[in-house]
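With numbering that gives the first Met the number 0, letter number 57 in the sequence shown gets 56, and the count goes up by one each step, no holes. For glycine and all other residues, C-beta sits at the position ideal for the given N, C-alpha and C. Presented below is the structure to which this report refers.
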Amino acid sequence: MIPDSRLIPGSVKALVFDCDGTLVDTMPIHWRAWCKICNETGLVFRKKDFYTLAGVPGKKIINVLAKQQGIKLDPCAIYDQKRKYFLEGLTSVTAIQCVVRFAQEAHKVGIPTAVASGSSRAQVQKGKGSISLSLVF
């Protein structure tokens with residue numbers, strides 16, 4: 000699959016791909032981590048709200064949910080535990096193949112590619128190790 004030149008204007012000098020949710024399908028892993036945290040804390044987090052809040056920092060979500068639901072807890076400690084569950088789940092992460100193929104093909108035709116993420120380097124590296132993205136990273 001060579002990127003269609005009509006999809007990438009000639010003025011494009013490089014492509015930057017987000018990792019979490021763009022190159023790798025981490026949403027199911029995040030959801031499982033949230034479910035564990037909710038079971039442990041009594042927080043209620045509906046799946047439709049989870050998808051609506053995709054990209055919002057976890058500590059903020061925990062703080063808002065706790066405040067709305069009248070539950071006293073330490074958002075930082077709860078977020079650290081949620082992140083631990085998420086990182087444990089990364090062993091089962093899968094690539095979003097059409098995006099990975101596009102990035103690899105763009106790289107092959109000489110378009111510089113990079114990966115950006117709001118996640119930690121360790122998290123991105125762990126996700127990278129679960130799939131073959133060597134041409135993108």
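| Item | Value |
| --- | --- |
| With 16 other Cβ atoms within 10 Å as the buried cut-off, status of CYS75 | exposed |
| In DSSP terms, what VAL23 is bridged to | ASP19, ALA94 |
| Given 8 Å, three or more beta-carbon pairs between the segment 9-17 and the segment 102-113 | yes |
| Buried versus exposed call for ALA53 [16 or more other C-beta atoms within 10 Å across all chains shown] | exposed |
| Closest Cα partner of HIS29 within the set LEU72, GLU104, SER91 | SER91 |
| Span of the alpha helix (DSSP H) around VAL63 | 57-68 |
| Inter-stretch contact (C-beta, 8 Å, three-pair minimum) for the segment 31-48 and the segment 59-70 | yes |
| C-beta contact flag for ALA32 and TYR84 at 7 Å | yes |
| Proximity of LYS107 and ILE36 at Cβ, strictly below 7 Å | no |
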